[in-house]
Structure formats: C-alpha cells, structure tokens
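A short worksheet on the structure shown next.
Numbering (UniProt numbering), first residue to last: 1 to 642.
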C-alpha cells in the first residue's frame, strides 16, 4: 500500500492513505443539501472565464479592475460556514482557536491523523503549552458562562449568544478536534494546511530544501475529498511558487473543482502565539491576480476583519506572500547572528555587548529588538527557513546570495561551539568525573517545544569530554520529549546513563561542578522569594486577561477526562509553569554546588551581582566575568574563540 505521511510537528506523525480515493462529495455532510458542481461553481462569478491580469495589465489596471479584498461585497456569494484546519500542532490549533473565538458563527474543525494527539486535544491536558491557549481552547471547545460588571456587551462574544445576554450568558462551542479527515475536508468551505514542512534529510537538496512530503499528501487528500469551489489556504511555511505546484495537483486530480489557492503565512512566535494572533502586526493574504483569486481572498479577509484592523491586512500576489514569510524569518535570524558576532569581538576587547547593543538600538533605523546576545536561535523555523531560502537562491544560480544567508546559520552554530568550549576551559580543560547541569531545554521560554533545542548541540559537545553526568531540567518540557530530542544525536546517545532528566531543579543541581542556563525561563531569574510552593496543575486558576474576558475558573465548564496514555497525568509536577510568578531559590542551589560555583548564563537571565553575593561566579557571552575593570575576559583572552 502506498502511504504518504503528514505531521503537525516534527515529532508527531500521522498517516494519509493516498491509495484510498473517495469520490468528491455531492452532498453536504452537515446540511444534507445536494450541491452539484455547476451550482457551486457560481460562487466564483467572473468577468470572463478565469480572467488573468498577470501579464496583460499594469499594477494600476489590476487595482482598478480586480475586486478589493477588504470590501465585504467582494466575497458576496462565497459562503464560509465550515472551516477545516489540517494539522493539530503549534500553528494549526492556536490559529483555529482564535478564528473560532472571534467568529462564533463558524464551525471550526482541526483534523490530524495522530490519534493520540487528538485524544489529548479533547482532554484536560493539552499536548502543547502556550500562554493563554488552554483557556482559549476551553472556551471554544467546551463553551463557558460569561459575566461582566459593565453594561456594554463585549464585542468578541456578543454574536455567540443565542439569546440576549441578560437572559442566557452561555458561549456555544464551535471548535472540535477529529481524526476523521475525509469527513471534515468534505464539509469545509475553506481548508487551512498547517502541517510541518521540515528540511529534507536525504536526496536532492538534503540539509536545505523543504521537505514537501506531508504537504503534498494533504493536498492530494483535499483533492480527493473536498467540495467543488472550496478555498485552500497555505498556512504552512512553503517555498516560493508552491501555489503553482498545488494548483497543478488540483487541476490534474479535480479539473472541474474550481478551487482557489491562497497564501496566508503565520507570523507567530512560540511563547506569545495567542497574543500574536489576537493582536497581529500584519495579516498577509496572497492570491492569484484574477477576479476569482481576489474574491477568495476577500472571503478569507472577512474571517480576520472581525478582530483585526483592516489597515493591518495586506493583499499581495500569492508568490510574494510565500516569499515574505521566508524573508522575514531570515532577517530576524540575521539580526541574532549579527549581535552574536559582535559579542565575540566584545570578549576580546573588554567591551560589554549589552552596552553596545543598547547604543545600537537607540538608532531608530536599527531599533532594539533582536539585539540580545546569547546562544543563538533554535526552534523549528529560522534554520529551516534560511535553508529554504539558500536552496532557492542556489537553484536560481545566485550562489553569492546563497552564501550570504548560509553564513547566518554558521554564526549561529559557532556561538554554541564557543559556549561549550568556554565551559570546558573554565573547568580546567576536562569534564571527567564532573556533573554539569543544564537548566532549560525548550528552545525558548513560555513554550514546551523541544524541536531544534539549543541544549541538544551543547549536550553533544559536552559528552565528548566524558563527564560523570549531564543533568537536564526544564519547568515545562515533558521528559519523554526531552529524551526523544536527545535520541536524535544518534544511537550512541540513546538511553545513555550520562544524561539524566530531572523534574526538580534542586535535585538536578545537587553537587554540580557547573550550571548552564540554556533557556530564558523567568523561573530562573533572581528573586528573594522562598522555594516555590506546590500548586495544582489545573490549567485555569485566574482571570484570562490575555483574552480580554473577565473569566474566573467557575465560569468554565468541566473539562473532558484525559486518556490513559496522558504523560502529564503520570508526572508529579512541582508547580513550575508558564505564567507562574515563582522563582528558583538560588541560595539553595548555590549551597549544594561544588566550588568554585560556576554558572554559565547563555541567556543573560541572572543578575551577576546578586549571584556574586551567593558566591556564584557568573560567566556570560560578550561581557567580562565580574563587570568593569579587573574582570577576566572570556573568549580568546582565555584561549578560546573563533
């Protein structure tokens, strides 16, 4: 049997069976209304049959003739009542939940072949951690009761009530999760593709080209099951001109389907994804420069204008939209590598990279964002998107351009190499017989995403020095996810007794010769507070301020029970979580460390002065060890650097 797999994340795979073709549905599964191809095709009325203005008209002519995507009238005759998101991961679910919250008349369904993942989305413990997401899912999946002290009804929820708010303050659920992929694709008026598009590991373009296996599998499944006239939206990050590739597949498999392909890239930062969705800097909608393309874009724009200022919605050509996402991530990664390259120079000259960055950021042409020196960027986006851009440039014979962007990832890897060498050097050139503790494993704070974790590279380099133990603690990441990422290093690291994963930071740090801060969790910041008290792992314990709704725990409906294989239910949490105000007790940590009590701060999290008062020597990137004057510089001044 020919199988193609798609997955909503790098670590969770699901299977699409492409050998089982279902005929295009002639009847809506929700309404039971027969819909012929001829009837549905009238949703896209045009000036003529698929008028294309791509080459025959100037941009000014296109703007004059084509429908305005921000004009609701442009979407007349294109009803969007059922929306389907393919891929229950870090992009698909937050986006689907916000769309469901802000468009309560819609029926929104998230589908995925991974049965275990879907079971967890339908339970108490969700399969991923993101500030505000738990409450968002509970409101849209389960419904809730609303109450407020002011007289005006909240704009975000008024439309969700079947009766007047004074009579019945119940929010009706409109988000569900399912593994019945064919069923929900068949009912959808609009389908968002949100599956993982990683980097190829073999074959042509290995190491840089985008792996489109999962994406293509979804497109073929959509072609086999979708209704005529459905709108397909690329939410996954894809190479430029992917829309043409999608359109070719649809036309070959469903020549009369008349489906429009849009690009609507996500610009989410994990850890702030819900806030990014509720208050986006911009929403880009790319479409073909045809009447049908612009009308489909207008239908998508209507989903956003319910909560996004129209001035922040940008309509572009579909290829421009696809490339804009890659270019944006490449530019952000470039800034990180740029300031990290400056940090290496600071270490050799005695300059302080934080002061240099502040001076640079005061220039309005530069700005202060993404100018914080550290271990570099991790996660599933920046490296693979730069790789995709490099592969595109080389395929266009723009080798100099490709080399330029490739240098960004080289500097990024070099920063972690420098950091690892620094640890070995400060421990007298050997780790034999010593315990090294890593605090943090997620690639950034406020997320449990372990993909492309910076810790993995550092662990691999430190293991070469044969330490007695490498202890790992993260306040959110599940041990099984941490172990899975460590296993990617190769068979020699699988289940090694050298790397131990802890759920308590104090046990992890006991008798450590050095502590390395890898993730910038607020939990690791200095605080005079006492040891964090244990607290309930119940997701909702305070008002959901981030959603702008004054909800208390009593207003939520009971959550579904967890499946038997829920990993969260098997772990005894210590109360360290996203949104917690607790802080680690550094006095206790330092007391049990081995002298000379070295702390390597790869994220500029702790206060060196406060740690110094505890007898801990803080070593960071791009600055002297003990501050101004008399401090020992790092990097090449101690024998290590580029």
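All C-beta atoms, glycine included, are put in the ideal place defined by N, C-alpha and C. All values derive from a computational prediction rather than experimental measurement.
If you reduce the DSSP assignment to three classes, tell me which class residue i lands in.
| i | result |
| --- | --- |
| residue 82 | strand |
| residue 236 | coil |
| residue 331 | helix |
| residue 385 | helix |
| residue 187 | helix |
| residue 126 | coil |
| residue 346 | helix |
| residue 598 | strand |
| residue 99 | helix |
| residue 93 | helix |
| residue 227 | coil |
| residue 620 | strand |
| residue 325 | helix |
| residue 140 | helix |
| residue 583 | coil |
| residue 148 | In this prediction, residue 148 scores a pLDDT of 45, lower than 50, which makes its location untrustworthy; the coordinate-derived value is nonetheless stated afterwards. Note: residue 148 maps to coil in three-state DSSP. |
| residue 171 | strand |
| residue 111 | strand |
| residue 201 | coil |
| residue 193 | strand |
Is the beta carbon of residue i less than 7 angstroms from the beta carbon of residue j?
| i | j | result |
| --- | --- | --- |
| residue 516 | residue 441 | no |
| residue 122 | residue 560 | yes |
| residue 616 | residue 524 | no |
| residue 511 | residue 594 | yes |
| residue 66 | residue 294 | yes |
| residue 420 | residue 373 | no |
| residue 223 | residue 254 | yes |
| residue 96 | residue 80 | no |
| residue 499 | residue 470 | yes |
| residue 482 | residue 462 | no |
| residue 444 | residue 271 | yes |
| residue 376 | residue 412 | yes |
| residue 75 | residue 302 | yes |
| residue 433 | residue 468 | yes |
| residue 324 | residue 284 | yes |
| residue 250 | residue 287 | no |
| residue 231 | residue 177 | no |
| residue 264 | residue 233 | yes |
| residue 448 | residue 129 | yes |
| residue 353 | residue 602 | no |
Is residue i close to the ligand MN? I mean its beta-carbon at under 6 angstroms from any heavy atom of the ligand.
| i | result |
| --- | --- |
| residue 307 | Looking at this structure, you won't find the ligand MN or any other ligand, since it has none at all. |
Exposed or buried, residue i, counting other C-beta atoms within 10 Å across all chains shown (16 or more means buried)?
| i | result |
| --- | --- |
| residue 239 | buried |
| residue 480 | exposed |
| residue 311 | exposed |
| residue 396 | exposed |
| residue 138 | buried |
| residue 252 | exposed |
| residue 656 | Lying outside 1 to 642, the shown extent of the chain, residue 656 is not represented and no answer is given. |
| residue 187 | buried |
| residue 289 | buried |
| residue 390 | buried |
| residue 365 | exposed |
| residue 246 | buried |
| residue 596 | exposed |
| residue 714 | This structure does not reach residue 714, given that the chain is present from 1 up to 642, and the question cannot be answered. |
| residue 608 | buried |
| residue 349 | exposed |
| residue 415 | buried |
| residue 206 | exposed |
Return the first residue and the last residue of the alpha helix (DSSP H) that residue i is part of.
| i | result |
| --- | --- |
| residue 212 | Careful: residue 212 lies outside any alpha helix (DSSP H) and carries neither H nor E. |
| residue 105 | No alpha helix (DSSP H) holds residue 105; DSSP gives it neither H nor E. |
| residue 361 | 353-361 |
| residue 119 | 115-121 |
| residue 593 | Here residue 593 belongs to no alpha helix (DSSP H), and DSSP marks it neither H nor E. |
| residue 613 | 608-613 |
Within the continuous beta strand (DSSP E) that includes residue i, where are the two ends?
| i | result |
| --- | --- |
| residue 133 | Here residue 133 belongs to no beta strand (DSSP E); instead the alpha helix (DSSP H) covers 133-137. |
| residue 178 | 175-178 |
| residue 87 | That residue, residue 87, is in no beta strand (DSSP E); it is neither H nor E in DSSP. |
Checklist line | Secondary structure, alpha helix (DSSP H): runs of 4+ residues fully inside the stretch 246-319 | finding: 273-278, 291-304
Next item on the list: May I have a chain-ordered list of the alpha helix (DSSP H) segments no shorter than 4 residues that lie completely inside the stretch 452-536?
Entry: 454-463, 479-487, 505-509
Check: Enumerated in chain order, which unbroken segments of the beta strand (DSSP E) with a length of 3 residues or greater are wholly contained in the stretch 372-446?
Finding: 435-439
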